[in-house]
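Residue numbers (the working numbering): 102 to 280. From the three backbone atoms N, C-alpha and C, an ideal C-beta is built for every residue, glycine too.
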Amino acid sequence: MKDKKIYLVPIGKVRREILEDLKENLPLTFPYLFEIGEEIPIPENSWNIKRNQYLSTPFLDKLSKLELEYVFKILGVTEVDLYVPYLNYIFGQAKIRGREALISLARLSNTFYGLPEDLRLLKKRALKEAVHELGHTFGLEHCFNPKCVMFFSNSIKDTDDKEEKFCNRCLSIISRFFI
Ligand SMILES: [Zn+2]
Ligand SMILES: [Zn+2]
Numbered sequence: 102m103k104d105k106k107i108y109l110v111p112i113g114k115v116r117r118e119i120l121e122d123l124k125e126n127l128p129l130t131f132p133y134l135f136e137i138g139e140e141i142p143i144p145e146n147s148w149n150i151k152r153n154q155y156l157s158t159p160f161l162d163k164l165s166k167l168e169l170e171y172v173f174k175i176l177g178v179t180e181v182d183l184y185v186p187y188l189n190y191i192f193g194q195a196k197i198r199g200r201e202a203l204i205s206l207a208r209l210s211n212t213f214y215g216l217p218e219d220l221r222l223l224k225k226r227a228l229k230e231a232v233h234e235l236g237h238t239f240g241l242e243h244c245f246n247p248k249c250v251m252f253f254s255n256s257i258k259d260t261d262d263k264e265e266k267f268c269n270r271c272l273s274i275i276s277r278f279f280i
C-alpha cells in the first residue's frame with residue numbers, strides 16, 4: 102500500500118490548515134499515504150450566475166484528467182458552493198468505486214449560517230464529508246444509520262449528528278477494499 106497515494110487537491114484557493122488537518126486525520130481511517138497536491142483553478146463554465154453556485158461535474162472531470170505520481174484516489178477540496186441540477190446544493194460528490202471525490206467547505210463553515218467562524222468545527226465537518234466521499238470511491242453506498250459517516254447529509258445538522266467513522270457494517274464492507 103505504500104506506493105498508493107491519495108491526493109488532496111485544492112481547487113481554487115483553500116485554507117492550508119484545513120488541508121493539513123485532513124492530511125493528518127484521514128490516514129486514521131484509510132491506510133494509505135496522503136499528499137497535498139498543487140492547487141488547480143476552478144473550472145471555467147462551472148459558475149451558474151442565476152444560482153450563485155458552481156456546477157460540480159466539471160470539478161470531477163478536471164480531477165479525472167490529473168496525472169499524479171502513484172495516484173490511487175483524488176479528493177478535490179474547494180471553498181466554493183457546489184450544486185448538481187436536481188439538488189439545491191451538495192457537500193460533496195464522488196463516483197461509487199471511482200478514483201475521484203470532491204468536497205466543498207462552503208456550507209461546512211459557520212459563517213455560511215451567519216455565525217462566527219469556528220475552525221475546529223469546520224475541520225471536524227470537513228473530515229466527516231471527506232471520509233464520506235472517499236468511502237464512496239471504495240464502493241460504499243449510503244447507510245441508514247444516522248451516526249455512520251456514510252449517512253446522507255441533507256443538512257449541516259445531519260453532518261453534525263453523524264460521526265467521522267464507519268458503522269460496523271460499513272467498516273466490514275470497506276475493509277475488504279483496503280488492498
Ligand atoms: Zn454520499
Ligand atoms: Zn454505515
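Per DSSP, L134 is paired with what?
K106
Any non-hydrogen atom of ligand 2 closer than 7 Å to F267 Cβ:
yes
Would you kindly work out how many angstroms separate the C-alpha atoms of L164 and V110, rounded to a whole number?
8 Å
Can you tell me whether F192 is buried or exposed, with buried defined as 16 or more other CB within 10 angstroms of its CB?
buried
Inter-residue spacing [alpha-carbon to alpha-carbon] between P186 and G177
20 Å
For R258, three-class secondary structure by DSSP:
Here residue 258 turns out to be Lys, not Arg, going by the sequence shown. K258: helix per DSSP, three-state reduction.
Alpha carbon to alpha carbon, what distance is there between Y155 and E265?
26 Å
Measure the alpha-carbon distance for Y214 versus I257 and round it to whole angstroms.
10 Å
Contacts around Y133, its chain only, beta-carbon distance under 7 Å, and the 5 residues preceding and following it disregarded
M102, K105, K106, I107 and F173
Cα-Cα, which of N255, C268, N269 and R116 is closest to L188?
N255
What separation, rounded to the nearest whole angstrom, lies between the Cα atoms of L167 and P142?
12 Å
Could you tell me if the beta carbon of N255 falls within a distance shorter than 7 Å of some heavy atom in ligand 2?
no
Could you give the distance in angstroms between the alpha-carbon of R117 and the alpha-carbon of R221?
14 Å
So is P144 buried or exposed if we call it buried at 16+ other beta carbons inside 10 Å?
buried
R277 versus K151: straight-line alpha-carbon distance, rounded:
44 Å
Quickly, what does DSSP pair G113 with across the bridge? List them, please.
Partner(s): none; G113 has no beta bridge.
For N211, write down the residues that DSSP places opposite it in a beta bridge.
According to DSSP, which records beta bridges pairwise, N211 is partnered with nothing at all.
Considering only the alpha carbon of each residue, which of P128, D122 and E201 lies closest to T158?
E201
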